[in-house]
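> Heads up: the sequence shown runs through residues 25 to 275, numbered per my numbering.
Have a look at this one.
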Amino acid sequence: MAEPSVPFLRRATGALSRRLERPELLAAAYAGPRRELHEEIAIRAVLGASLAGEATYVDVGTNRGQVLGEAVRAAPRGNHIAFEPIPELAAELTARFPGVDCREMAIGAQPGTAEFCHFRTLDGWSGLRRSPEISDDRGDPEYLSVTISTLDVQLEGLEPRVIKIDVEGAELDVLQGARTILTDARPLIIFEHVARASALYGAAPQAPYDLLVELGYEVLPVTGGAPVSGAEFAADAPTVNWLARPLRAAG
């Protein structure tokens with residue numbers, strides 16, 4: 025009898041890990057899920073250490089609230105603001121997190137409107153630029169007209185403690201529209217960055233790093249370690265989620 029294929033084993037292990045709610049089973053067998061699990065644990069740790077009392081947490085690209093839920097658990101009395109442009113998901117978030125200020129919009133470098141590609145069967149890949157990695161058959165795309173604002177506009181007068189950004193390559197635009205709030209409030213920033221996704225927006229791989237350094241931040245993997253150089257950030261490394269840490273406090 026032929027041995028099971030690697031894809032079959034991956035699917036079987038993944039199904040078992042989901043059924044038992046034990047993601048470490050899949051992570052133990054494969055490097056990709058193992059990295060994802062380590063980053064998820066690290067993000068929880070950052071939120072737990074940084075959010076307390078009525079601290080303000082901002083979630084850009086909230087999707088289904090995977091990280092938002094952790095922030096709410098870390099600071100149940102906190103001031104939480106979520107940005108999600110897909111109407112169905114924004115409505116779900118509002119119902120699931122009644123204490124969160126959920127705003128149905130995208131965040132970018134400047135206010136306006138734009139076409140947004142919503143993959144109905146893979147909504148985590150949705151964005152202001154369509155990912156070429158997702159076919160019509162896999163993603164079932166629809167195109168929405170969405171409102172775009174900036175963090176400087178939306179957060180005026182606030183002092184966020186943590187900002188999380190997961191926007192499928194548009195992180196440079198989000199940071200460009202947040203220069204004032206980042207300069208004044210000095211929040212921690214948890215952000216996803218994959219060079220090939222950023223390229224869809226015409227951003228050089230090192231561009232988010234350079235902007236953060238200009239604004240007085242250092243960048244390191246969210247799992248910890250020493251701050252990285254621009255070249256290390258831009259390299260095709262396994263790190264997907266990063267932590268930007270201010271070199272000076274607010275004020």
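We put the CB at the ideal spot given by N, CA and C, even for glycine.
Quick one: Cα of Thr204 to Cα of Pro156, how far?
33 Å
> Any idea which residues DSSP pairs Tyr241 with across the strands?
BP columns for Tyr241 point to Pro270.
> Within the 9 Å Cβ cut-off, does Pro165 reach chain D?
Considering every chain present, this structure includes no chain D. It has just one protein chain.
> What is the DSSP secondary structure of Gly163, reduced to helix, strand or coil?
In the structure shown, Gly163 adopts helical secondary structure according to DSSP, grouped into three states.
> Suppose you measure from the CA of Leu168 to the CA of Tyr225; what does that come to, to the nearest Å?
18 Å
> How far does the beta strand (DSSP E) with Glu139 in it reach, from first residue to last?
Segment 136 to 143, the beta strand (DSSP E) holding Glu139.
> Apply the 10 Å Cβ neighbour rule to Gly148 and answer buried if 16 or more other Cβ atoms are within range, or exposed otherwise.
exposed
> Using alpha carbons as the reference points, say which of Glu64, Arg272, Leu146 lies closest to Glu242.
Arg272
> Kindly indicate which residue of Thr137, Ile214, Thr86 has the alpha-carbon position closest to the one of Val264.
Ile214
> Given Gly193, which residues of its chain have a CB within under 6 Å of its CB, disregarding the five upstream and five downstream residues?
Ala221, Ser222, Leu224, Tyr225
> Please return the same chain residues whose Cβ sits closer than 7 Å to the Cβ of Pro135, not counting the five positions on each side in sequence.
Ile172, Ser173, Thr174, Val177
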